[in-house]
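Student:
In full-length UniProt numbering, the protein residues as written are 1 to 420.
(1) Decide if the segment 305-315 is in contact with the segment 362-370; the criterion is three or more beta carbon pairs, one per stretch, under 8 Å apart.
(2) Got a sec, what are the start and stop residues for the alpha helix (DSSP H) residue 310 sits in?
(3) Quick one: using the 10 Å Cβ neighbour count with 16 as the cut-off for buried, is residue 248 buried or exposed?
(4) Select from 385, 117, 236, 370 the residue whose C-alpha is nearest the C-alpha of residue 341.
(5) Output needed for residue 34: all residues of its chain with C-beta closer than 6 Å, excluding positions within five of it in sequence on either side, in chain order.
(6) Run through DSSP, which three-state label would residue 274 get?
(7) Do you know offhand how far residue 274's Cα is from residue 393's?
(8) Output needed for residue 439: all residues of its chain with C-beta closer than 7 Å, excluding positions within five of it in sequence on either side, in chain order.
(9) To the nearest angstrom, how far is the alpha carbon of residue 310 from that of residue 191?
(10) Quick check on residue 263: does DSSP put it in helix, strand or coil?
(11) Taking residue 240 as the reference, give the member of 303, 390, 268 with the closest Cα.
(12) Helix, strand or coil for residue 16, going by three-state DSSP, please let me know.
(13) Given that a residue counts as buried once 16 or more other Cβ atoms are within 10 Å of its Cβ, and exposed if not, what is residue 403?
(14) Using a threshold of 8 Å, state whether the C-beta atoms of residue 143 and residue 223 are closer than that.
(15) For residue 203, name the three-state secondary structure that DSSP assigns.
(16) Name the two residues that bound the continuous alpha helix (DSSP H) containing residue 303.
(17) Could you check what DSSP says for residue 432 in three-state terms: helix, strand or coil?
(18) Could you tell me if residue 325 is buried or exposed, where buried requires 16 or more neighbouring beta carbons within 10 angstroms of its beta carbon?
(19) Evaluate residue 7 with the Cβ neighbour count: other Cβ atoms within 10 Å of its Cβ, from every protein chain shown; 16 or more gives buried, anything less gives exposed.
(20) Just grab the DSSP bridge partners of residue 48 for me.
(21) Would the C-beta of residue 345 count as close to the ligand FMN, meaning under 7 Å from any of its heavy atoms?
(22) Quick test of the definition: if touching needs 3 or more C-beta pairs under 8 Å, does the segment 371-380 touch the segment 341-357?
(23) Determine the extent of the beta strand (DSSP E) in which residue 307 is found, giving its start and end residues.
(24) From residue 388 to residue 199, what does the alpha carbon distance come to, in whole angstroms?
(25) Quick one: which unbroken alpha helix (DSSP H) runs of 4-plus residues sit fully inside the segment 145-180? Chain order, please.
Below, the structure is given as structure tokens:
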């Protein structure tokens, strides 16, 4: 192509007003930017607009380009121009809202009204097929934003809605990779691209989610398992579990004095069938504290890591049914906001008879005087004020009074006896 041809086409583009030069916007782009208001996007499509040509417009488009492009657009019938100074200046331009769609076509820019319409249709579609009522308000919020002329986050990524609905309505126990392969045909796609945004909505709207849950614990509430989910215990627990041939076998914690680990698949297939000699069942939040406990024939120690998953809860509730009426249920967590939350979760969803262990005012004061404690964050203080757990009101008062939280590990310092 000759240099003369290139120059000729360049001149035509500048007058067509659909492409910018030297990084500036075209007059048509400037008009569309001024016109693109929420009111127009949500239905005001008739009438006229009369924008003034300000110094800002001149700087955005360029004086010479603005005059040239205004003449071209006026000639096409899209705008009328109030010329000044022998067509060397412009006071205002006038255009009909009915012509805006044509302007978008000429500028080669997608019409935002079409994007809003597509977004509204998409959101209504996924809201209609969602069964879990917890997440209907999320979709309602998106529709409200669209109704006000705003394009919400996520609406350009339909896979997000597919993932959210699939997690929210899941009724099976699935590995995360298995879930991803089923929904998207790719075992890693969900974890790589959608896990974080879906997690945020689960935490914001899901009634099954407790404040302070780890990511894997949140997804476990909806049946999405990670390979880290397992139950660790130490004590005389009898477990009925299938072997490789499908025959039922008994496994005894007595044969594993350093601790027994039941992975997610074992938890799904196994059942507790006996607690011979057990008088206490103690759930322990911190791994170091759990590991420090020596095997005892009358105690079942259970590492809880935080919030038990649905599979763990089902297994432990079966174990609770095996325990005698004199069996004590104790829970040992950090003396902080999270620990109080975990205790409440334990009482509501795992062991109804559970009592706090090493989470009293005396323990707090003893370790505070020994120099233990982490400053209480203001955000946690506000949450703690609103938290109502009658069994731990004294501990809550201590935390608020001194502005300190104490972690379980501090109770190991100087401890000679690890049999409690």
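Glycine included, each C-beta is placed from N, C-alpha and C at the ideal position.
Tutor: Checking against the coordinates, here is how it stands:
(1) no
(2) 310-322
(3) exposed
(4) 385
(5) 51
(6) strand
(7) 35 Å
(8) Residue 439 falls outside the range modelled here, since the chain spans only 1 to 420, and no answer is possible.
(9) 21 Å
(10) strand
(11) 268
(12) Reliability fails at residue 16, whose pLDDT of 44 lies under 50, so the model's placement of it is uncertain and the value that follows must be treated cautiously. Residue state, collapsed to three classes: helix.
(13) exposed
(14) no
(15) helix
(16) Careful: residue 303 lies outside any alpha helix (DSSP H), inside the beta strand (DSSP E) at 299-303.
(17) There is no way to answer for residue 432, as the model of the chain reaches only from 1 to 420.
(18) exposed
(19) Confidence at residue 7 is low in this model, with a pLDDT of 40, below 50, so the placement of that residue is unreliable and no value is reported for it.
(20) 96
(21) No copy of the ligand FMN appears in this structure; indeed no ligand is present at all.
(22) no
(23) Premise fails: residue 307 is in no beta strand (DSSP E) and is neither H nor E.
(24) 26 Å
(25) 158-168
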